[in-house]
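Before any comments, here is the structure.
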Amino acid sequence: MAVAAMPVSSKQQKKNTAGEQSEDMQKSVLEEKLEAFLENTEGVGKVQVILMTDEKKDRQSFYNSETIQVTGVLISAEGGGNPVVVQNIQEAVMALFQVDAHRIRIMKMKCGKSLLNR
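Going by this note's numbering, the first residue of the sequence shown is number 1286, and it counts up by one from there.
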């Protein structure tokens, strides 16, 4: 079996890098907005959010539209030990991102500990 390597132009590499940066920026904005919303919800307390995403291409659009699609959510919340708070967080995430319940994980945060440096 022979494999031919095709060189990638620097223009294409720049396009890929710009696309990745745009996707990372969109993802960061969504994470920050969800964190801010949840922290203002009763019982949740401090939170950290990690979104798992996939690129989605809109083939029905005339324009070349690429957006990210949330495929999973990991949340660490101070109120994550309360089943009512966990259910409220899960329902909000399901409604917001159209993600199935089995793709959402909510954990109790150590008292005031932040694992991610933002």
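Note that CB positions come from ideal geometry on N, CA and C, so glycine has one too.
- Cα atoms of I1335 and R1390: separation of roughly 10 Å, rounded to the nearest angstrom.
- Our two residues, K1393 and V1370, have alpha carbons roughly 11 Å apart in a direct line.
- Within the DSSP bridge table, the entry for R1388 names no partner.
- Between the alpha carbons of K1395 and G1364 lies a gap of roughly 10 Å.
- Around the beta carbon of E1340, fewer than 16 other beta carbons sit within 10 angstroms, so the residue counts as exposed.
- Sequence-distant Cβ neighbours of K1312 in its own chain, meaning closer than 8 Å and more than five residues away, are L1336, T1338 and I1353.
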